[in-house]
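Using my numbering, the final residue of the sequence shown is 1626, and nothing's skipped along the way.
Here a beta-carbon is modelled for each residue, glycine too, at the ideal position from N, C-alpha and C.
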Amino acid sequence: MSGIAKTVGVLLLGTICASAELPGRLDFSTVGVYGTCFDFCDYSVFKLRTPKNDTYLPHMARQLRETNSRGKLNLVGLYCFDRVTYAKPMSEYIGAIDRVLAGIDMGRVHAFFLGEENVTWNKGLDVLNGLYDHVKSRTDVPIYQWYSMPMLHHPKQRADGWIIDPYGMRREAFRRYLMKYVVLGKPVINCLHATPEGRFSYHNSAAHDATVEQMAVCREFNVPMFFFCVDKTHGSPYIWLHSDDPENVRIREWLLKEISRIRVTDTSTLPATSADYSSGRPVAVAGDREHRFSFRETFATVAEPSFIDDAFINGFLSLRWDGVAEALHIRRGPSGRDVVELIYHFVSEFELSGMVAELNGSVAGDGARVSVGVSVNGHSFGQSASTAGKGDFTLVADGGDSAALVGKEFWVRLRMEAGSATGEAIRLDGLNVACGVAPPEKREIDLSSNVDGNVSYEEDFQTQAHLHVAEITNLTELVWERGYVGTHGIKGKGNEVTMRQRFVSATPLREIRVAMDSSGHRALGSFNSLGLSLDGGEPLVTDTSRGKEEKEGKAKGRYQGTLELDTSEDGRFSGVKAFWVHLTMANTCGAKTRTSNRITGYRVSAKTR
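Shown next as structure tokens:
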């Protein structure tokens, strides 16, 4: 018997005890370890694979019984299909799962999960939904889904709960990521990284800090956790438990101490009050070709609940987002709270006017009430509309030509009162916000120096500000989505789109540097270029993605990277007070294609001293 097998045997024999009462549910005070169930665990995380011999399933069935007898729940993964490729027939997957289910007592399973780190492409969504439906036809045991990072849940994915494993994600990003699962109203379990540096550690030295931060957020929302704990040589949780490797010992002692604290948590006080609140990110505003800005929050049909990113939320735990039913519902919260507010903050470098907000939805609950308001100070929502009756509604808060609604920022507030209803009192379908945008007099960007005598500018294309400040050739072929500009192939001819941006400074500049992040693919006939000029004419210096594409592997032909220009040694750009940046996307294939080129941002820096 190998050393690992001996360790497994000792652990199993040493932890069998008299039958104990099982915990009613999983919460923050209950912990597990990936792939096993140690003494300090409250539940197992077992991985059941397609059996290759006659002893495997009886052995696993015995482990499930023994785990229950120790007062612990069983979380059981069904690893009976090839994830990512999903290349085999569905009948083969179902047959393998049926063999596993027939060999165990499903009454001893708290929840199943369908493998781990799945994807929705390559028919993945259909496979996962099909397997979910099949297992549900055989048992009432909940079935969890587990996606690969950095994916979020698919709105059409059927699931009774979720497992996530965003290793290395820091607090703010993780909190928003977790909220997008919590808002579904189904159980969520977070798998955290607690493995020493080495073969099975995938992250930098900040991974430990991220684990600590994620644990605090899980406590805030009362989310249970299990830990990925393996040694750095063999990838074994059992060796991890007994290894005398100094780094392993340090991590193990830290984790066991944390677990002892977690397990005595009074979860009757959780989720914490703070879980009801979330700060949003301001929505940047710029106009379109008609100098109008429009924003749409499609609560019902978006691929993910983006309002969690955009809105300041008061009463988060009263929200329920259902991608399958295509609805965002408001109900009385777990603490009895009946008021929810979503507040959007819109900001711009341009003058704004004529703000209008339109909210669509339906009221089902007695005494429920909805209002929408617009404000230029975030406090007084004088322009508002509300409804208190049942049925579908369209509310419009229209600033019109009001002189009071002019400025470079404004707020839109959605206020929902659930009333006396105990279920889903209000449904929100969509929010539309619009306003006029006054373009600047000149198409240029003024660079102002900081205290160090440096200047900088960054464009991330979160808005269409480029339509106001840049000179654009072939504008009709320019594509914009929040976060990038792009273009495509055109049937029968080549296509080239160039954005020329003029920069000016009150003081002479030197050491001008420009960097542009972009992507393209040789198979689609695309390449990107970055240039600098002094007059907006032919660039004096350039860099191109052509010839920098991947040479081999699955990404062969693809380019994704940063083009850079540095004029530190170029006297032509020393002492200038104005210069132009040229961003070019070209497609030479002569065929109609999807978006073939993307520029996701660019940065400019220079010195004035």
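- Here threonine 1559 has Ser1546, Leu1547 and Gly1548 as same chain residues with Cβ atoms under 7 Å from its own Cβ, once five neighbours each way along the sequence are excluded.
- For the set Asn1449, Gly1553, Arg1530 and His1505, the Cα lying nearest the Cα of alanine 1487 is the one of Gly1553.
- Secondary structure note for phenylalanine 1324: its alpha helix (DSSP H) is the uninterrupted segment 1324-1327.
- Glycine 1509 and alanine 1608 have their C-alpha atoms some 6 Å from each other.
- Leucine 1258 sits away from leucine 1345, with the two beta carbons spaced by 8 Å or more.
- The segment 1303-1314 and the segment 1334-1343 do not touch, with fewer than three beta-carbon pairs separated by less than 8 Å.
- Nearest neighbour of phenylalanine 1063 by Cα position, chosen from Glu1133, Lys1573, Arg1042 and Met1168, turns out to be Glu1133.
- For serine 1086, the enclosing alpha helix (DSSP H) starts and ends at 1073-1086.
- Taken in chain order, the unbroken stretches of alpha helix (DSSP H) that lie wholly in the segment 1122-1159 and span 4 residues or more are 1141-1153.
- The C-beta distance from tyrosine 1474 to threonine 1617 rounds to 16 Å, too long to fall under 8 Å, and the pair is not in contact.
- For cysteine 1058, the closest alpha carbon among the candidates Pro1068, Arg1066, Lys1069 and Ser1046 is that of Ser1046.
- From the listed residues Phe1191, Gly1202 and Val1200, the smallest Cα separation to leucine 1209 is found for Phe1191.
- Between the segment 1351-1364 and the segment 1425-1441 there are three or more C-beta pairs closer than 8 Å, enough to call the two in contact.
- Separation of leucine 1092 and phenylalanine 1129 (C-alpha to C-alpha, rounded to the nearest whole angstrom) is 6 Å.
- A straight line joining the alpha-carbon of isoleucine 1276 with that of arginine 1269 spans about 10 Å.
- In this structure, the alpha-carbon of valine 1200 lies about 11 Å from that of phenylalanine 1324.
- Residue range 1612-1624 is occupied by the beta strand (DSSP E) that includes threonine 1617.
- The segment 1568-1618 is shown to contain no whole alpha helix (DSSP H) run of 4 or more residues.
- Under the DSSP assignment, glutamate 1566 falls outside any alpha helix (DSSP H); it carries neither an H nor an E label.
- Taking C-alpha positions only, arginine 1354 is separated from serine 1437 by approximately 11 Å.
- The DSSP-derived three-state label of glycine 1112 is helix.
- In this structure leucine 1074 touches isoleucine 1121 by the C-beta definition: roughly 7 Å separates them, less than 8 Å.
- One thing to note: leucine 1090 has its Cβ no nearer than 8 Å to the Cβ of leucine 1131.
- Secondary-structure assignment with DSSP links glycine 1447 through a beta bridge to Asn1377.
- Boundaries for tyrosine 1184: no beta strand (DSSP E) harbours it, and the DSSP string shows neither H nor E there.
- When the Cα atoms are used, serine 1295 and glutamate 1441 turn out to be separated by approximately 21 Å.
- Aspartate 1534 and tryptophan 1497 have their C-alpha atoms spaced approximately 15 Å apart.
- Taking every protein chain shown into account, the CB of proline 1351 has fewer than 16 other CB atoms within 10 angstroms, so this residue is exposed.
- In summary, lysine 1274 is exposed, with fewer than 16 beta-carbon neighbours lying within 10 Å of its beta-carbon over all protein chains present.
- Counting of Cβ neighbours within 10 angstroms places aspartate 1293 among the buried residues, the total reaching 16 or more.
- With respect to the 8 Å criterion, serine 1622 and glutamine 1577 are not classified as neighbours on the basis of their beta carbons.
- Assignment of proline 1525 by DSSP, reduced to helix, strand and coil, places it in the strand class.
- In the DSSP assignment, isoleucine 1276 falls within the unbroken alpha helix (DSSP H) covering 1263-1279.
- Within the segment 1337-1373, the complete beta strand (DSSP E) runs of at least 3 residues fall at 1344-1348.
- Spanning the alpha carbons of arginine 1615 and threonine 1625 requires a straight line of approximately 32 Å.
- Where tyrosine 1194 is concerned, the enclosing alpha helix (DSSP H) starts and stops at 1188-1199.
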